[in-house]
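Structure first, then comments.
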Amino acid sequence: MAMPTDVPVIDTMIGFPAKDLKAQYEFITKQTKDSQSKEEFEFPAEYMFKAPPDKEKEVRETDDPVGYTLDQMDKCGVSIGMVGVGHREGQGEATGEEALKRYPGRFVGSVGADPNDGMAGIENIVRAYETWGVRSISMFPAGCFPQVAINDKKMYPIYAKACELDIPVFVCTGIPGPRLKFQCQHVEHVDEVMYDFPELTYVSRHGCQPWTELMVKLMLKWPGLHYSTSAFAPKHYDPRIIDYANTRGADKIIYAGYFPMGLSLQRIMTEMRDVPFNDNVWPKFLHDNAARVLKLD
């Protein structure tokens with residue numbers, strides 16, 4: 001039951017410190033309407049997280065964001081981090097590409113996609129695949145402008161391209177943290193997508209709440225459907241996900257953090273020790289499932 005210390009962790013959602021968070025997340029805040037999101041928050045979901053001011057200052061003021069993230073990975077036993085490349089302007093694509101150049105054995109790329117970009121977006125996916133060898137496509141349906149539901153037919157060319165390239169999609173599923181409308185990310189939409197694309201490997205992000213029980217049922221139904229723990233501190237992992245991993249879902253649950261957006265790696269790995277996964281689940285959760293999905297072995 002204890003978390004092993006000899007498993008090389010793969011983090012399927014990690015990023016880099018940014019000095020200007022407002023600029024980095026402007027693509028989200030331009031859609032919000034409440035005054036806190038527009039005027040007070042630097043990070044659009046910061047009301048959900050608490051960080052000590054001194055630590056936050058240390059992270060924000062670093063002149064080497066790639067080096068800082070790698071240092072945190074080394075301290076916490078994270079061997080590989082999946083980072084974003086090819087995103088919209090201002091979302092940190094240059095930093096992700098720098099990380100792949102400097103430390104190709106420690107980082108792998110995921111290309112961001114917005115179905116509103118049409119064929120230009122598909123071309124961007126192909127370019128990132130050919131240039132950076134990206135291992136996945138990342139999507140935030142509620143963050144698209146305008147929003148696009150998980151099962152909207154505008155999403156289908158992206159799913160088709162993922163199947164063609166044989167790479168997974170990582171999709172925010174469930175109520176989003178930023179104060180945006182949630183219907184486009186309802187878990188029920190996933191069922192139609194998996195029906196139409198049975199070859200697709202779909203990995204949910206950000207908890208699927210409040211429809212976690214439905215997500216578990218769908219994972220039992222669809223072989224290509226997986227769940228990642230991004231944006232949740234381990235002490236808040238949903239008990240239904242832990243139970244599923246310990247019973248029938250050991251091959252379906254994938255570790256993902258949320259550094260530096262809202263959680264430090266030190267906090268994640270400290271709290272992780274108390275997660276009651278069975279012994280056989282830990283290697284799969286921390287490494288094997290991500291390695292298989294991302295084809296890292």
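Heads up: the sequence shown at position 206 corresponds to 206 in full-length UniProt numbering, and the numbers run straight through without jumps. We treat Cβ as the ideally placed atom computed from N, Cα and C, and that holds for glycine. This structure is a prediction, so every number in the text was calculated from the model and none was measured.
Within its own chain, the residues whose Cβ lies closer than 8 angstroms to the Cβ of Ala-142, once the five positions on either side in sequence are excluded, are Cys-172, Pro-176, Pro-178, Leu-180, Lys-181, Phe-182, Cys-184 and Gln-185, listed in chain order. Residues of the same chain with their beta carbon placed closer than 7 angstroms to that of Thr-247 are lacking, with the five preceding and five following residues left out of the count.
Note on the stretch 115–141: whole beta strand (DSSP E) runs with a minimum of 3 residues are 136–139, in chain order. Glu-130 has its alpha-carbon roughly 11 angstroms from the corresponding atom of Glu-123. CA-CA distance, Asn-280 to Trp-132, rounds to 33 angstroms. The stretch 63–82 makes contact with the stretch 264–277, as at least three CB pairs between them are under 8 angstroms. Shown here, Phe-145 sits in coil according to DSSP, grouped into three states, outside any helix or strand. In terms of Cβ geometry, Ile-158 and Pro-115 form a close pair [threshold 9 angstroms].
Cβ atoms of Met-272 and Pro-239 stay farther apart than 8 angstroms, at about 15 angstroms. Residue burial is scored here from C-beta neighbours: Asn-278 has fewer than 16 other C-beta atoms within 10 angstroms and is therefore classed as exposed. The way I'd put it, the stretch 104–118 does touch the stretch 139–156; three or more beta-carbon pairs between them come closer than 8 angstroms. For Val-187, the three-state secondary structure derived from DSSP is coil. For the set Ala-162, Ala-256 and Leu-225, the Cα lying nearest the Cα of Glu-192 is the one of Leu-225. In this structure, the CA atom of Pro-223 is about 18 angstroms from the CA atom of Tyr-255. Scanning Met-82, Tyr-195, Ala-160 and Val-293 for the CA closest to the CA of Tyr-227 turns up Val-293. In this structure, DSSP gives Arg-205 an extended state, which the three-state scheme calls strand. DSSP places Leu-225 within a strand segment (E or B) once states are collapsed to three.
Annotation: the continuous beta strand (DSSP E) that includes Gly-109 extends over 107–112.
Here the alpha carbons of Tyr-237 and Ser-136 stand approximately 24 angstroms from one another.
Under DSSP, Met-82 shares a beta bridge with Val-108.
Going by DSSP, Phe-27 is part of the alpha helix (DSSP H) stretching over 26–29. By the neighbour-count criterion, in which a residue is buried when 16 or more other Cβ atoms sit within 10 angstroms of its Cβ, Gln-36 is exposed. Residue pairing by DSSP leaves Phe-285 without any beta bridge partner. The three-state reading of DSSP puts Asp-166 in coil, since its state is none of H, G, I, E or B. About 7 angstroms separates the beta carbon of Phe-27 from that of Phe-145, a gap short enough to meet the 8 angstroms contact definition. For Ile-242, the three-state secondary structure derived from DSSP is helix. The beta-carbon separation of Ser-138 and Gly-174, rounded to 15 angstroms, does not stay under the 8 angstroms limit for a contact.
Listed as beta-bridge partners of Phe-259 by DSSP are Ile-14. DSSP places Ile-254 within a strand segment (E or B) once states are collapsed to three. Collapsing the DSSP output to three states places Val-275 in coil.
According to the DSSP secondary-structure assignment, Cys-172 is paired through a beta bridge with Arg-205.
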